[in-house]
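Engineer:
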Amino acid sequence: MSESAVEIADLTVAYREKPVLWDVDLTVPKGVLMAIVGPNGAGKTTLIKSVLGLVRPAAGQVLVHGRPYAEQRRRVAYVPQRGTVDWDFPTSVLDVVTMGTYGALGWVRRPGRAERERALGALDHVRMRDYAGRQISQLSGGQQQRVFLARALVQDADVYLMDEPFQGVDATTEVEIVRLLQELRARGKTVIVVHHDLQTVPEYFDWVTLLNIRRIASGRVDEVFTEENLRETYGGLLALLSGNGRRPEA
Amino acid sequence: MRIVALGAAVLGIVAGALGSFAVLRRQSLIGDAMSHAALPGIAAGYLFTASKEPIVLLAGAVVAGWVGTFVVGAIVRTTRVKYDAALGIVLSVFFGIGLVLLTLIQRRPDASQAGLDRFLFGQAAALLERDVVTMAVLGAVVLGVTFALWKELKLLTFDPDYAATLGFRVRGLDALLTGLLVVAIAVGLQAVGVVLMAAMVVAPASAARQWTDRLGLMVVLAAAFGAFAGAAGAVVSSEAERLPTGPTIVLCAGAVVALSFLLAPRRGLVARFLRERRGRRRLRVDAVLADLYELGRRHESFEHAHSATVLEAARGEGASVRGTLAELERRGWARQEEGDWTLTDVGRAEAENRRAARERVL
Chain A
-7 MSESAVEIAD LTVAYREKPV LWDVDLTVPK GVLMAIVGPN GAGKTTLIKS
43 VLGLVRPAAG QVLVHGRPYA EQRRRVAYVP QRGTVDWDFP TSVLDVVTMG
93 TYGALGWVRR PGRAERERAL GALDHVRMRD YAGRQISQLS GGQQQRVFLA
143 RALVQDADVY LMDEPFQGVD ATTEVEIVRL LQELRARGKT VIVVHHDLQT
193 VPEYFDWVTL LNIRRIASGR VDEVFTEENL RETYGGLLAL LSGNGRRPEA
Chain B
195 MRIVALGAAV LGIVAGALGS FAVLRRQSLI GDAMSHAALP GIAAGYLFTA
245 SKEPIVLLAG AVVAGWVGTF VVGAIVRTTR VKYDAALGIV LSVFFGIGLV
295 LLTLIQRRPD ASQAGLDRFL FGQAAALLER DVVTMAVLGA VVLGVTFALW
345 KELKLLTFDP DYAATLGFRV RGLDALLTGL LVVAIAVGLQ AVGVVLMAAM
395 VVAPASAARQ WTDRLGLMVV LAAAFGAFAG AAGAVVSSEA ERLPTGPTIV
445 LCAGAVVALS FLLAPRRGLV ARFLRERRGR RRLRVDAVLA DLYELGRRHE
495 SFEHAHSATV LEAARGEGAS VRGTLAELER RGWARQEEGD WTLTDVGRAE
545 AENRRAARER VL
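Residue numbers (my numbering), protein chains in the order written: chain A, -7 to 242; chain B, 195 to 556.
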């Protein structure tokens, strides 16, 4: 039996005695493109951060490809929310993408020509090569997102964890990002995405996890993305979701 | 004199370079807390060893600065007091303790007056060669570490979470950067004094940011600005009697900041003003050109000239139409016929081009 990409058991995270995640069990098979959805405060970002070791859980453990995350850092790439970074920082697009190579370089070693080439290749992939020398404060939201994606691509990881990559991004970029994610899946990578737009879940993803502090459901979209599960996840907010074709948002 | 200028330049370089990271991490004020907190350390260093060796006092400053940072963190972690308030508390309390200790030292019957109060506002004139050597050695170590761990510090400053996922020990790097900053500050205290040292951490870096969008160049510029402010300030205060060095150095740094904010090519106020003026002029040219073209079209003849008054009426008061007409004439796009205005052939082509471009966009 081949192990799953990510296996989470009994994960509980609390902040000042309030549970943010409670007793979450989750198995993510390899090679899926999974959305994590839930209302605000459901613990979606905390879940991602717990997997990455950025948040210390009160209980539970995380395995990546069968081994503890700490041993598998090289296999995992993180695409944080755009707002977590100061885009006025004095650096260029190429510079940021090159940061993706720092993990492999280790301490002190500087990025050289090989690293630069890989970064440019990743920029090619997200169609941002012409912006390589651009100062990052001059980028639009969609361009910033693509830079973050390129940075993750450079790591050539097996598992990609992304936090709301479609947030505040123009329609063209959104289409492009989806294409990229599906390409990653086609190459056998596992992509886990915290997603805010329920409307597009069936269209973009093949697996989904419904989260609201506890894991409500997880599995294939056509099996698990049901009205009943959504009702349980979103509670009273479901009124915004039904009928009249209005765009449901978490 | 040369020793003095050299010592002050060294401090400027080190404070400017490390200050760049502090400023980019939005931790500008931590430098202030560190320097004020250093005072009791300096006093304690003297009290415990009865020695005014620079290395002893420096060590005291570093330890106390470190402790101060640690206390700030502890306050934030364990109470509901916010970061800026914690900084203020530590800054004032430590400084108060330092002043008390200084007073105690001055009351002692020792022959050596200690003269530790020069650490309040700095006295570069009192710098001896051995002081400068100590400063230079420590400064070199700090800069060396910064250079060696350049990519790590850049990554830590830009995106610490991402750095952690790559496997870098973020907590350790953070402590290291803090340590480097404490040493950089301690190095400068003799010349600038605890009260004003924070300026040397913040000002050169802020000035440098106006001139470049690349981190490496920013750090180098900050070091250069710091060196200049240090040397110039030290020289000035040495010439004048009894003028403490801290204020003069800081004034020089302040001048550099002011000039940078004014004159920097893209971010500077002058550049922005000129850009806006150019933009306004372009809009006016566009408008009057379009009006002349429209008038020509209506009359189905560009031979028919119109008075400036007609054009002014179209645009209203304060539109400086006459000035713009002169500009159009200068460019060869409009000409006068007995005091009235019309477009030249070139002007007509230009007006058509601009109209087409506008339609493409709109």
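Here a beta-carbon is modelled for each residue, glycine too, at the ideal position from N, C-alpha and C.
1. State yes or no: is the C-beta of B:G201 within less than 7 angstroms of the C-beta of B:A232?
2. Return the chain-ordered ranges of every alpha helix (DSSP H) run that is complete within the stretch 110 to 182 of chain A and spans a minimum of 4 residues.
3. Looking only at its chain, what residues have a beta carbon closer than 8 angstroms to the beta carbon of B:R554, apart from the 5 residues adjacent to it on each side?
4. Between A:G330 and the rest of its own chain, which residues show a CB-CB distance below 6 angstroms, the 5 nearest in sequence each way excluded?
5. Just confirm the distance between the C-beta atoms of A:P103 and B:K345, as a whole number of angstroms; I'd bet it's less than 8 angstroms.
6. Alpha carbon to alpha carbon, what distance is there between A:T218 and A:D155?
7. Going along the chain, which residues of the stretch 347 to 367 of chain B sit with their C-beta nearer than 9 angstroms to a C-beta in chain A?
8. Could you tell me which residues DSSP puts in a beta bridge with A:N204?
9. Just the Cα atoms here: how many angstroms apart are B:A305 and B:I299?
10. Locate the beta strand (DSSP E) running through A:T26, then write down its first and last residues.
11. Give the residues from the stretch 125 to 140 of chain A that approach chain E closer than 7 angstroms (Cβ to any Cβ), ordered along the chain.
12. Can you pull the chain B neighbours of A:G245, defined as C-beta to C-beta under 7 angstroms?
13. If you compare alpha carbons, which of B:S222, B:S229, B:A209 and B:G533 is closest to B:G292?
14. Who are the Cβ neighbours of B:F422 in its own chain at under 6 angstroms, not counting the five residues just before and after it?
15. Would you grab the beta carbon distance between B:A417 and B:G210 for me? Rounded to a whole angstrom, and I think it's under 8 angstroms.
16. For B:E247, collect the residues of the same chain with a Cβ closer than 6 angstroms to its Cβ; drop the 5 residues on either side in sequence, then sort them by chain order.
17. Along the chain, where does the beta strand (DSSP E) containing B:G316 start, and where does it finish?
18. Quick one: residues in its chain with C-beta nearer than 8 angstroms to the C-beta of B:A458, no 5 flanking neighbours on either side, listed in chain order?
19. So, at 7 angstroms on beta carbons, what are the nonlocal neighbours of B:R529 in its own chain, with the 5 sequence-adjacent residues on each side left out?
20. Could you work out which residues of chain A lie near B:R403, taking near to mean beta carbons separated by less than 8 angstroms?
21. Entirely within the stretch 240 to 284 of chain B and at least 4 residues each: give me those alpha helix (DSSP H) ranges in chain order.
22. May I ask which residues mark the beginning and end of the beta strand (DSSP E) holding A:Q53?
23. Under 7 angstroms Cβ to Cβ from B:A378, same chain only, skipping five residues before and after it: list those, please.
24. Alpha carbon to alpha carbon, what distance is there between B:E433 and A:L44?
25. Mind listing the chain A neighbours of B:M412? Cutoff is C-beta to C-beta under 8 angstroms, in chain order.
Structural biologist: Taking the coordinates as given:
1. Taking 7 angstroms as the cut-off, the Cβ atoms of B:G201 and B:A232 do not count as close.
2. Counting only runs of 4 or more residues that sit fully inside the stretch 110 to 182 of chain A, the alpha helix (DSSP H) segments are 133 to 146 and 163 to 178, in chain order.
3. Within the same chain, no Cβ atom closer than 8 angstroms to the Cβ of B:R554 is found once the five residues on either side in sequence are excluded.
4. Nothing about residue 330 of chain A can be reported from this structure: the residues present for chain A run from -7 to 242 only.
5. A Cβ-Cβ distance of about 7 angstroms is found for the pair A:P103 and B:K345, placing them in contact under the 8 angstroms criterion.
6. Rounded to the nearest angstrom, the gap between the Cα atoms of A:D155 and A:T218 is 23 angstroms.
7. For the stretch 347 to 367 of chain B, which is checked against every Cβ of chain A, the residues closer than 9 angstroms are K348, L349, T351, F352, D353, D355, Y356, A357, A358, T359, L360, G361 and F362.
8. DSSP output for A:N204 lists A:R206 as bridge partner(s).
9. Summary for B:A305: the model assigns pLDDT 47, below 50, so the residue's position carries little reliability; its value from the coordinates is reported in the next sentence. B:A305 and B:I299 have their alpha carbons spaced roughly 11 angstroms apart.
10. Note that residue 26 of chain A is Met in the sequence shown, not Thr. For A:M26, the enclosing beta strand (DSSP E) starts and ends at L25 to V29.
11. The structure shown has no chain E; the protein chains it does contain are A and B.
12. The requested residue 245 of chain A does not occur in the structure, where chain A is confined to residues -7 to 242.
13. Nearest C-alpha to B:G292: B:S229.
14. Same-chain partners within the cutoff: there are none.
15. Rounded, the Cβ-Cβ distance is 4 angstroms, consistent with contact.
16. Cβ within range, chain order: n/a, list empty.
17. Where B:G316 is concerned, there is no enclosing beta strand (DSSP E), given that its DSSP letter is neither H nor E.
18. Taken in chain order, the residues that qualify are Q404, W405 and A465.
19. Result list for B:R529: E523, T536 and T538, in chain order.
20. The contacting residues are P82.
21. Scanning the stretch 240 to 284 of chain B for uninterrupted alpha helix (DSSP H) segments of 4 residues or longer gives 248 to 272, listed from N- to C-terminal end.
22. Unbroken beta strand (DSSP E) run through A:Q53: A51 to V56.
23. Excluding residues within five positions, the ones whose Cβ falls inside 7 angstroms are V208, A209, L212 and V336.
24. Rounded to the nearest angstrom, the gap between the Cα atoms of A:L44 and B:E433 is 59 angstroms.
25. Below the 8 angstroms Cβ cutoff, chain A contributes P82 as neighbours of B:M412, in chain order.
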